[in-house]
Amino acid sequence: MPQNKLTDRFGRTVNYVRLSVTDRCDFRCVYCMAEDMTFLPRQQVLTLEEIARVARNFVDLGTEKIRLTGGEPLVRKDILELVKEIGTYGLRDFAMTTNGSQLTTMAEPLRKAGMHRRTSAWIPWTPTNSATSPAPANCHMCWTVLMLPGKLASGASRSIQW
Ligand code: SF4
């Protein structure tokens, strides 16, 4: 147990942090991103080594749960290297929020790298919600997520253990 625990101003221990690894994504849900998004300049984004150092420092201060988010974390180049590194920190919970577009190839490597679970949101496309949901072209990806181990209810955000 760390000597110096990170607490907020109400004395609560900060044992859970979410780390955004990118502001980019392979989807363009209209409630989230414009077609002509302006993304952060690369020099303003932490390197994977810097993100790992931030995570390590949080763990040293008592953090037991870390979630990687984006944007879409799986579009970040070499993200598996970061997952492998943080996977060695002995976390009670290590998770990722993902749109699921790359899980057919990335689910198993993520599990092997030490990630405990993932959360994916699936919003079914229909003509009535086409203004706010991912384009139909992306729907096959949602169905791919549905077919992966674990169950994902339609229109829901579900956390799935590998
Ligand atoms: S998948 Fe998520 S991060 Fe990507 S555009 Fe949609 S809401 Fe935003």
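Residue numbers for the sequence shown follow my numbering, beginning at 196 and rising by one. Even glycine gets a Cβ: it sits at the ideal position worked out from N, Cα and C.
Tell me the DSSP bridge mates of residue i?
i	result
L263	L214, M291
T202	T208
Given residue i, which residues of its chain have a CB within under 8 Å of its CB, disregarding the five upstream and five downstream residues?
i	result
V240	T217, D218
Quick one: is residue i buried, meaning 16 or more other Cβ sit within 10 Å of its Cβ, or exposed?
i	result
A229	exposed
T293	buried
P268	buried
A332	Reliability of the predicted coordinates at A332 is poor, the pLDDT of 41 falling under 50, and no value is obtained from them.
Indicate, with yes or no, if the ligand FAD has a heavy atom lying under 7 Å from the CB of residue i.
i	result
R271	As for the ligand FAD, it is missing from this structure, which binds only the ligand SF4.
Using only the heavy atoms of the ligand SF4, determine whether one of them is closer than 7 Å to the beta carbon of residue i.
i	result
F234	no
R213	no
F205	no
E267	yes
M228	yes
N252	no
N210	no
R223	yes
N199	no
Which same chain residues end up closer than 7 Å to residue i when comparing Cβ atoms and leaving out the 5 residues on each side of it in sequence?
i	result
E276	L243
P304	L275
N210	G257, T258, E259, K260
F234	D218, R219
Keeping to the same chain, check which residues put their C-beta closer than 6 Å to that of residue i; ignore five residues upstream and five downstream.
i	result
E280	A247
If you reduce the DSSP assignment to three classes, tell me which class residue i lands in.
i	result
K162	This structure gives no information on residue 162, because the portion of the chain shown stretches from 196 to 357.
Q297	coil
L241	coil
F253	helix
L305	helix
V225	coil
From the beta carbon of residue i, is the nearest beta carbon of chain D less than 8 Å away?
i	result
G295	Judged by its chain identifiers, the structure shown contains no chain D, having just a single protein chain.
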